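To keep things clear, I will list the structure first and then write my remarks on it.
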Amino acid sequence: MSIKDNSTNLPQVNAAQPVDSFTTATATAWDDDTENSGLLTEVILRSANAPHAIAAISDAVRKEVTRIEQCIVYARQRLEHFEVLYNTPSSEFAERFTAEDLQGGDLEYVEWIGEYQLFQHLLQDLTLLKSLTYVAE
Numbered sequence: 006m007s008i009k010d011n012s013t014n015l016p017q018v019n020a021a022q023p024v025d026s027f028t029t030a031t032a033t034a035w036d037d038d039t040e041n042s043g044l045l046t047e048v049i050l051r052s053a054n055a056p057h058a059i060a061a062i063s064d065a066v067r068k069e070v071t072r073i074e075q076c077i078v079y080a081r082q083r084l085e086h087f088e089v090l091y092n093t094p095s096s097e098f099a100e101r102f103t104a105e106d107l108q109g110g111d112l113e114y115v116e117w118i119g120e121y122q123l124f125q126h127l128l129q130d131l132t133l134l135k136s137l138t139y140v141a142e
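Now the structure itself:
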């Protein structure tokens, strides 16, 4: 999967003359689907003011990126607690233990695997949001 990090770039807006007073704003991101890996997914939004819409959406995405980054820091701290306590990296723990191993097991194991899955999900969301590009036609 190729990722283009645009987290520090402002969206580029090339607003063309509106058609019927609407301009199309397109946001693209690399698709994370393993079956269609490498294909672009396009989300098309129509707005009477595409530059403003793109600015508002990119601002919301930046805020969500900041929120996710804070959640990742907190999740990482929780994972480090378990890794130190059990002297095992979270990735190794997740590979070795299946759901059956955890059933009836220590509640901390269940919390650890849940925290690790949340951490992985946050990383995927962060990667996706940072890969977005904004284009106005």
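Throughout the sequence shown, residue numbering follows our numbering, covering 6 to 142 in sequence. Glycine is no exception: its CB is placed at the ideal position from the N, C-alpha and C atoms. Since this is a predicted model, take the numbers as computed values, not measurements.
Review point. Roughly how many angstroms separate the alpha carbons of I62 and K68, rounded to a whole number?
Key: Mapped onto the sequence shown, residue 62 falls at position 57. Mapped onto the sequence shown, residue 68 falls at position 63. I62 and K68: Cα-Cα distance of roughly 10 Å.
Point to revise | Under the three-state DSSP convention, the category T46 falls into | key: Mapped onto the sequence shown, residue 46 falls at position 41. Residue state, collapsed to three classes: strand.
Check your understanding: Does the distance from the CB of I118 to the CB of A99 come in under 8 Å?
Key -> The residue you call residue 118 lines up with position 113 of the sequence shown. The residue you call residue 99 lines up with position 94 of the sequence shown. It is a contact, given that the beta carbons lie within the stated cut-off.
Point to revise | Inter-residue spacing [alpha-carbon to alpha-carbon] between N54 and A60 | key: Reading the sequence shown from its first residue, position 49 is the one you call residue 54. Reading the sequence shown from its first residue, position 55 is the one you call residue 60. For N54 and A60, the distance between alpha carbons rounds to 10 Å.
Review point. Sorted by chain position, which residues of the same chain lie with C-beta nearer than 7 Å to V66's C-beta, five sequence neighbours on each side aside?
Key: For the purposes of this step, residue 66 is taken as residue 61 along the sequence shown, with counting starting at 1. Excluding positions up to five away in sequence, the list reads L134, L137.
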